[in-house]
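Residue numbers (the numbering used here): 521 to 754.
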Amino acid sequence: MLAEIETLLILQDRDQKMRNLQLDLERIPGEEDAAKMRLAGDEKRAADAKAVFQANEVAMKNLELDIQTRQDSMAKLKVQQFETKKNEEFHRMGEEIENYGAEVTKLEDSELELMELGETLKSALDEAKAKLDASQKLVDEELEAFEKRRQNCQTQIVALKDERTGIAAKLDEDIISIYNRLFAGKGASAVVPLEDGQCKGCHMKVIKSTEMSARAEKVVTHCENCGRIVYSRG
């Protein structure tokens, strides 16, 4: 194989590895965002469950205050009823006490319903918190793995760039310039084999003189169809 082709294939291997590493680096932020979005969903569900539970707690507190207010009113009326000497006032206060008592009974029934609902909401909140804790742990682990992957890609890219510099120094500047243009414009395949007279880059048949030039291994040969550098596999 022509020495320049051997060197170009090594160079292309390093470039392809760097390209794949760079593509991996570009995927990481999206994967991190996806992980954070999963966590955000569980955070919202936990926050919603907490808000509903707290609203129920506030409602129970308000009922307790309403009950206490009516019980205090009943107690005052009973004292006033005991102190009054007028029959009419006594009966009126008695009716008010009965009305307050009925209201207290109704409020206590509502409070009992809220207490039962509170138990259901507490279970839902505990479940949402447990799921959030599990998700937080998983996402933290994923984010840590993403960061390690990022650092590993960056380290490999730096090492490959240094290695590439040494490899490229062995080639003529004109060849490097052509190779770089082809690599950038031909989907990271600037140097490809010829098999049965077919360029494995564009999959087109080359003319006989191109195939013979590649087989001769005297000069760097290009596919006349796509411009890629071609070599004979034998």
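Built from N, CA and C at the ideal position, the CB exists for glycine as well.
Counted as a single uninterrupted DSSP element, the stretch harbouring Ile749 is not any alpha helix (DSSP H) but the beta strand (DSSP E) occupying residues 749-752. Minimum Cα-Cα distance from Gly638 among the listed residues Phe703, Val578, Lys725, Cys722 corresponds to Val578. Excluding the 5 residues flanking it on each side, Cys719 has same chain C-beta neighbours closer than 7 Å at Val712, Val726, Cys743, Asn745, Cys746, Arg748, Val750, in chain order.
By the C-beta criterion, the segment 686-706 is judged not to be in contact with the segment 581-594, since fewer than 3 inter-stretch pairs fall below 8 Å. The continuous alpha helix (DSSP H) containing Val659 extends over residues 607-688. Going by DSSP, Leu529 is part of the alpha helix (DSSP H) stretching over 523-603.
Annotated three-state conformation of Leu702 is helix, per DSSP.
For Glu731, the uninterrupted alpha helix (DSSP H) segment begins and ends at 728-736. Between the segment 695-710 and the segment 549-559, the count of C-beta pairs closer than 8 Å stays below three; the two stretches do not touch.
In this model, Lys537 and Ala569 are separated by some 48 Å (Cα to Cα). Taking each of Gly705, Asn607, Glu608, Gln674 in turn and checking the Cα distance to Glu546, the smallest one comes out for Gln674. Around the beta carbon of Ala704, fewer than 16 other beta carbons lie within 10 angstroms, which makes this residue exposed. Residue pairing by DSSP places Cys719 opposite Leu714 in a beta bridge.
The shortest C-alpha to C-alpha distance from Cys722 to any of Arg735, Met732, Gly707 is the one to Gly707.
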